[in-house]
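J.: Dropping a structure here in structure tokens format, bear with me for questions.
Number of protein chains: 2
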Amino acid sequence: MANVLNSGIKLVKNVGRYNVGASSLDELSGLLTRLREQAVCDGKKSGVIFLVDQYFKADATLTDRIALQVSDVLEFIPTKDEPKTDDIDRLVASLILKGFSEPAAVVGIGGGITMDYAKAVSNLLTNGGNAAQYQGWDLVKVPGIFKIGIPTISGTGAETTRTCVMTNPATGMKLGMNSDFTVFDHVIMDPELTATVPRDQYFFTGMDAYIHCIEALEGSYRNAIGDAYSRETINLCRQVFLEDDMQTPANREKLMVASYLGGCAIATSYVGLVHPLSAGLSVVLGIHHCVANCIVMRAMADYYPAAYDEFWKMAEHQRVKVPEGVCQNLGEADFKALYEASIMHQKPLTNALGENYKSILTQDKVTDLFKKM
Amino acid sequence: MANVLNSGIKLVKNVGRYNVGASSLDELSGLLTRLREQAVCDGKKSGVIFLVDQYFKADATLTDRIALQVSDVLEFIPTKDEPKTDDIDRLVASLILKGFSEPAAVVGIGGGITMDYAKAVSNLLTNGGNAAQYQGWDLVKVPGIFKIGIPTISGTGAETTRTCVMTNPATGMKLGMNSDFTVFDHVIMDPELTATVPRDQYFFTGMDAYIHCIEALEGSYRNAIGDAYSRETINLCRQVFLEDDMQTPANREKLMVASYLGGCAIATSYVGLVHPLSAGLSVVLGIHHCVANCIVMRAMADYYPAAYDEFWKMAEHQRVKVPEGVCQNLGEADFKALYEASIMHQKPLTNALGENYKSILTQDKVTDLFKKM
Numbered sequence: 036m037a038n039v040l041n042s043g044i045k046l047v048k049n050v051g052r053y054n055v056g057a058s059s060l061d062e063l064s065g066l067l068t069r070l071r072e073q074a075v076c077d078g079k080k081s082g083v084i085f086l087v088d089q090y091f092k093a094d095a096t097l098t099d100r101i102a103l104q105v106s107d108v109l110e111f112i113p114t115k116d117e118p119k120t121d122d123i124d125r126l127v128a129s130l131i132l133k134g135f136s137e138p139a140a141v142v143g144i145g146g147g148i149t150m151d152y153a154k155a156v157s158n159l160l161t162n163g164g165n166a167a168q169y170q171g172w173d174l175v176k177v178p179g180i181f182k183i184g185i186p187t188i189s190g191t192g193a194e195t196t197r198t199c200v201m202t203n204p205a206t207g208m209k210l211g212m213n214s215d216f217t218v219f220d221h222v223i224m225d226p227e228l229t230a231t232v233p234r235d236q237y238f239f240t241g242m243d244a245y246i247h248c249i250e251a252l253e254g255s256y257r258n259a260i261g262d263a264y265s266r267e268t269i270n271l272c273r274q275v276f277l278e279d280d281m282q283t284p285a286n287r288e289k290l291m292v293a294s295y296l297g298g299c300a301i302a303t304s305y306v307g308l309v310h311p312l313s314a315g316l317s318v319v320l321g322i323h324h325c326v327a328n329c330i331v332m333r334a335m336a337d338y339y340p341a342a343y344d345e346f347w348k349m350a351e352h353q354r355v356k357v358p359e360g361v362c363q364n365l366g367e368a369d370f371k372a373l374y375e376a377s378i379m380h381q382k383p384l385t386n387a388l389g390e391n392y393k394s395i396l397t398q399d400k401v402t403d404l405f406k407k408m
Numbered sequence: 036m037a038n039v040l041n042s043g044i045k046l047v048k049n050v051g052r053y054n055v056g057a058s059s060l061d062e063l064s065g066l067l068t069r070l071r072e073q074a075v076c077d078g079k080k081s082g083v084i085f086l087v088d089q090y091f092k093a094d095a096t097l098t099d100r101i102a103l104q105v106s107d108v109l110e111f112i113p114t115k116d117e118p119k120t121d122d123i124d125r126l127v128a129s130l131i132l133k134g135f136s137e138p139a140a141v142v143g144i145g146g147g148i149t150m151d152y153a154k155a156v157s158n159l160l161t162n163g164g165n166a167a168q169y170q171g172w173d174l175v176k177v178p179g180i181f182k183i184g185i186p187t188i189s190g191t192g193a194e195t196t197r198t199c200v201m202t203n204p205a206t207g208m209k210l211g212m213n214s215d216f217t218v219f220d221h222v223i224m225d226p227e228l229t230a231t232v233p234r235d236q237y238f239f240t241g242m243d244a245y246i247h248c249i250e251a252l253e254g255s256y257r258n259a260i261g262d263a264y265s266r267e268t269i270n271l272c273r274q275v276f277l278e279d280d281m282q283t284p285a286n287r288e289k290l291m292v293a294s295y296l297g298g299c300a301i302a303t304s305y306v307g308l309v310h311p312l313s314a315g316l317s318v319v320l321g322i323h324h325c326v327a328n329c330i331v332m333r334a335m336a337d338y339y340p341a342a343y344d345e346f347w348k349m350a351e352h353q354r355v356k357v358p359e360g361v362c363q364n365l366g367e368a369d370f371k372a373l374y375e376a377s378i379m380h381q382k383p384l385t386n387a388l389g390e391n392y393k394s395i396l397t398q399d400k401v402t403d404l405f406k407k408m
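These protein sequence lines are chains Z and U, in that order. For the first sequence, my numbering gives the first residue as 36, with consecutive numbering after it. For the second sequence, my numbering gives the first residue as 36, with consecutive numbering after it.
As structure tokens, then:
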């Protein structure tokens, strides 16, 4: 691929603190006690907002494990679709109506979608206005409410990154609140929380970490720390997905760490060709991000040959069926829409293919790629 | 070695933000401007404390590059000996006398010693009292002054860790302010700053990162994230020290990243046998930490055989002469002192050899090891 250039990403905000290891969730209660006490000292209420993946509705033990108090509010987050700006605005308005305009903390417990909701809600409560106003880079003005991320599935890196994915249906824009203030103040990585993730979902989501690090390492915008994080993320993914049982406790801990470090990698680098095409599948066909990435890998033999081989070896080893033929009944207008939703991602495509990426990725070429999926 | 046990280290505080890459030092001026403005808003003075390795006394360009202002104070830090608690107390007293009790920031520019001074000064200015009061775990009560670490040599990981090495001559105790408040708020990693480091020192200090990660990975107290950081640190050290020119700009950037990630590794794991013996050499013979580690490697063939081979291969490849025979003229009392200064490091020695480490490391055995150095 192209020459190595400096990534130009010079300033990185880290997650404030993190807990790691089995039963780390037990640490949440003490952390919240300190935050509640601080809130009361500051003349605020001690209530906490919990945003929890709807998957845990059925888990009767959860309220105990998070030490839910009567002064708190818990909202289950639907994860059928990625967050829309309107959904976030409605959630914020309802929380304010319930008296949670200045909570002691916002806790997001779930996958990328739920954690992204938590990031956005935290920022909007202190910054005011609507989610759409903050779609872009460094538009958030002041720190959000203290935000805690607790991943229950591994791979997206949402627990580490400085953005939260949001789609604005009015403008069609899929763009997050890209800000240092979006980074979690605290992350709790408890691999016991991923014990019940269905096999396929575990694989698809875990592969998000693998794929974005492959893209970063093959790109032209690089730096030594991003490369280091990417290499080790890929190494951990290999350990997990080339082993017979990818879901042992030790492998779940490794994948949780891979997800966290993969997020650190993205923070100092860029994705490449997979993510733009995957975004096309999400925007036009409504396919979820992580499975969309895996579907795109069907067309990546010429672009990431070593990763292509390894990816399919892992999928086969884990006996995971990646959807196939998702574009087979589409018409010309659909392919045009897919092309447009993909080609707009200038920075990743330049990273992968150089500045003349549009002459390489013609509409016909992109259509051919989607037809392979 | 022993079975793998959970490290028990569950909560980790990260460096707040970091800059990375050539010319990153240029970002300091803007960062300080924001901190100065904030200080004035808060009704404080805008002056900044710069603690700079004495090595840079001769560098006439430095004051420009750090945007030194007349309201600031710059103290050169002697690096002949590791910080003593009294030295730190005297420095803090003199800074307060000069009117810097509430500066806008404390900036440490140098190696581990200078950065450790900056951490300690920052904490003492807000917490009061003497340095010796805070030797131990979590004794620092409130956050220090905003602290910025700017390494000018790579390896110790002082830019990342939650401690600062200090020796108390009155008690003989070498123990830092082990606290989340000791972690830098901001780190600037500019590999241009390590361009003038002498070859031997570059190697000895860089090897601190390699050695503590080897110790961590061979230990029994472990976790997935510590292992990940250690593996990648070792990988980067291999890239640097097995190449012909270890000091190219790219290799200096890699070693700077290795140092940072090595610090992250220590934060979630423990060292092993090298560091306790190295501490013996420092305490009894006054040998600096990083070269002492390398000297200890002379006696490590039986304990870390693979790392032993690789270490000496790197030293040979870089044509670096590790001091030899440092214990050859010592008497019985000296060897007893060396034994006692080493064997007191319970946690690392348990990590390396198990709970019965004292029955393995008898005084005769330890004396034999020192005689190999």
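Quick reminder that beta carbons are idealized off the backbone N, C-alpha and C, glycines included.
Determine the closest residue to residue 232/Z out of 189/Z, 369/Z, 265/Z, 62/Z, with distance taken between C-alpha atoms.
T.: The residue given as residue 232/Z occupies position 197 in the first sequence. That would be 189/Z, whose Cα lies nearest to the Cα of residue 232/Z.
J.: With a threshold of 8 Å, are at least 3 pairs of Cβ atoms found where one atom belongs to the region 246–260 of chain Z and the other to the region 202–214 of chain Z?
T.: Output reads no: the region 202–214 of chain Z does not touch the region 246–260 of chain Z.
J.: Note down, one range per segment and in chain order, each beta strand (DSSP E) of at least 3 residues found wholly within the region 102–164 of chain Z.
T.: Whole beta strand (DSSP E) segments, 3+ residues: 108–112, 140–145.
J.: To the nearest whole angstrom, what separates the beta carbons of residue 70/U and residue 140/U, a pair I think is in contact under 8 Å?
T.: Taking the first residue of the second sequence as position 1, residue 70/U is located at position 35. Taking the first residue of the second sequence as position 1, residue 140/U is located at position 105. That pair is a contact at about 5 Å.
J.: Does the beta carbon of residue 416/U come closer than 8 Å to any beta carbon on chain Z?
T.: No answer is possible for residue 416/U: it lies beyond the span of chain U, which begins at 36 and ends at 408.
J.: Residue 197/Z touches chain C at which residues, Cβ-Cβ below 7 Å?
T.: In the displayed structure, chain C is absent; the protein chains listed are Z and U.
J.: In angstroms with no decimal places, state the Cα-to-Cα distance between residue 357/U and residue 323/U.
T.: In the second sequence, residue 357/U corresponds to position 322, counting from 1. In the second sequence, residue 323/U corresponds to position 288, counting from 1. So the alpha carbons of these two residues sit roughly 13 Å apart.
J.: Using 10 angstroms around the beta-carbon of residue 394/Z, count the other beta-carbons present and answer buried if the total reaches 16, otherwise exposed.
T.: Taking the first sequence and counting its residues from 1, the one referred to as residue 394/Z is at position 359. Residue 394/Z is exposed by the Cβ-count criterion.
J.: Would the beta-carbon of residue 162/Z fall within 8 Å of that of residue 142/Z?
T.: Within the first sequence, the letter at position 127 stands for residue 162/Z. Within the first sequence, the letter at position 107 stands for residue 142/Z. No, Cβ-Cβ distance for residue 162/Z and residue 142/Z is not below 8 Å.
J.: I'd like the span of the alpha helix (DSSP H) that includes residue 47/Z, first residue to last.
T.: On the first sequence, residue 47/Z is found 12 positions in, with the first residue counted as 1. Per DSSP, residue 47/Z belongs to no alpha helix (DSSP H); it is in the beta strand (DSSP E), 46–48.
J.: Consult DSSP for residue 291/U and reduce its assignment to one of helix, strand or coil.
T.: Along the second sequence, read from residue 1 onward, the residue named residue 291/U stands at position 256. Note: residue 291/U maps to helix in three-state DSSP.
J.: Looking at chain Z, is there any beta carbon in it that lies within less than 8 Å of the beta carbon of residue 49/U?
T.: Against the second sequence, residue 49/U aligns to sequence position 14. True, the Cβ-Cβ gap to chain Z drops below 8 Å.
J.: Per DSSP, which one or two residues make a beta bridge with residue 169/U?
T.: Along the second sequence, one-based indexing puts residue 169/U at 134. Partner(s): none; residue 169/U has no beta bridge.
J.: Output needed for residue 225/Z: all residues of its chain with C-beta closer than 6 Å, excluding positions within five of it in sequence on either side, in chain order.
T.: One-based indexing of the first sequence puts residue 225/Z at position 190. Closer than 6 Å at Cβ, skipping near neighbours: 59, 60.
J.: Within the region 271–343 of chain U, note down every full alpha helix (DSSP H) run reaching 4 residues or more, in order along the chain.
T.: Runs found: 284–301, 309–320, 324–331.
J.: Report the residues of the region 56–76 of chain U with a CB closer than 8 Å to any CB of chain Z, ordered along the chain.
T.: Listed by position, the residues of the region 56–76 of chain U near chain Z (Cβ gap below 8 Å) are 56, 57, 59, 62.
J.: Taking Cβ positions, are residue 296/Z and residue 264/Z nearer each other than 8 Å?
T.: Here residue 296/Z is taken as the residue at index 261 of the first sequence, counted from 1. Here residue 264/Z is taken as the residue at index 229 of the first sequence, counted from 1. In contact: residue 296/Z and residue 264/Z (Cβ atoms closer than 8 Å).
J.: Using a beta-carbon distance below 8 Å, is residue 174/Z in contact with chain U?
T.: Here residue 174/Z is taken as the residue at index 139 of the first sequence, counted from 1. False, the Cβ-Cβ gap to chain U never drops below 8 Å.
J.: Report yes or no: is there a C-beta of chain Z within less than 8 Å of the C-beta of residue 53/U?
T.: Position 18 of the second sequence, counting from 1, holds the residue named residue 53/U. Yes, residue 53/U counts as interfacial toward chain Z.
J.: Just the C-alpha distance for residue 270/Z and residue 351/U, rounded to the nearest angstrom, thanks.
T.: Here residue 270/Z refers to the residue found at position 235 when the first sequence is read from its first residue. Here residue 351/U refers to the residue found at position 316 when the second sequence is read from its first residue. Straight-line Cα distance between these residues: approximately 29 Å.
J.: Relative to the alpha-carbon of residue 342/Z, which residue among 309/Z, 368/Z, 81/Z, 390/Z has its alpha-carbon at the smallest distance?
T.: Here residue 342/Z refers to the residue found at position 307 when the first sequence is read from its first residue. It is 309/Z.
J.: For the beta strand (DSSP E) that contains residue 88/U, what are its first and last residues?
T.: Here the question's residue 88/U lines up with position 53 in the second sequence. Segment 83–88, the beta strand (DSSP E) holding residue 88/U.
J.: Determine whether the Cβ of residue 292/U lies closer than 8 Å to any Cβ atom of chain Z.
T.: Here residue 292/U is taken as the residue at index 257 of the second sequence, counted from 1. Residue 292/U counts as touching chain Z.
J.: Can you find a C-beta in chain Z that's less than 8 Å from the C-beta of residue 102/U?
T.: Numbered from its first residue, the second sequence carries residue 102/U at position 67. False, the Cβ-Cβ gap to chain Z never drops below 8 Å.
J.: Taking only beta-carbon atoms, is residue 140/U less than 8 Å away from chain Z?
T.: In the second sequence, counting from the first residue as 1, residue 140/U sits at position 105. Residue 140/U does not count as touching chain Z.
J.: Mind listing which residues of the region 243–273 of chain Z have their C-beta closer than 9 Å to chain U's C-betas, in chain order?
T.: Here the close residues are 258, 259, 260, 261, 262, 263, 264, 266, 267, 268, 270, 271.
J.: I'd like to confirm the pairing. Which residues does DSSP put opposite residue 221/U in its beta bridges?
T.: Sequence index remark: in the second sequence, residue 221/U carries index 186 (1-based). For residue 221/U, which the question treats as bridged, DSSP gives the partners 52/U, 183/U.
J.: Touching or not, the region 117–125 of chain U and the region 84–96 of chain U, by the rule of three or more beta carbon pairs under 8 Å?
T.: Judged by Cβ distances under 8 Å, the region 117–125 of chain U makes no contact with the region 84–96 of chain U, as fewer than three pairs qualify.
J.: Taking C-beta pairs closer than 9 Å, name the residues in chain U that residue 278/Z reaches, listed in chain order.
T.: Within the first sequence, the letter at position 243 stands for residue 278/Z. In chain order: nothing, as chain U lies at least about 14 Å away.
J.: Taking the alpha carbon of residue 334/Z as the point to measure from, which residue in 320/Z, 317/Z, 313/Z has its own alpha carbon closest?
T.: Numbered from its first residue, the first sequence carries residue 334/Z at position 299. Per the Cα distances, 313/Z.
J.: Buried or exposed for residue 377/U, please, with buried defined as at least 16 other CB atoms from any protein chain shown within 10 angstroms of its CB.
T.: For the purposes of this step, residue 377/U is taken as the residue at position 342 of the second sequence. Buried is the call here.
J.: What in chain U is Cβ-close to residue 46/Z, meaning under 8 Å?
T.: Along the first sequence, one-based indexing puts residue 46/Z at 11. Correct list: 52, 53, 54, 62.
J.: Can you tell me whether DSSP reads residue 258/U as helix, strand or coil?
T.: Here residue 258/U corresponds to residue number 223 of the second sequence, with the count starting at 1. Note: residue 258/U maps to coil in three-state DSSP.
J.: Using a C-beta to C-beta distance shorter than 7 Å, which residues of chain U count as neighbours of residue 289/Z?
T.: What you label residue 289/Z is simply residue 254 of the first sequence in a count that begins at 1. The contacting residues are 259.
J.: Note down the Cα distance separating residue 80/U from residue 138/U, rounded to an integer number of angstroms.
T.: By 1-based counting over the second sequence, the position of residue 80/U is 45. By 1-based counting over the second sequence, the position of residue 138/U is 103. When rounded, the distance between both Cα atoms is 6 Å.
J.: Using DSSP with H/G/I as helix, E/B as strand and the rest coil, what is residue 402/U?
T.: Stepping through the second sequence from its first residue, residue 402/U is reached at position 367. Helix.
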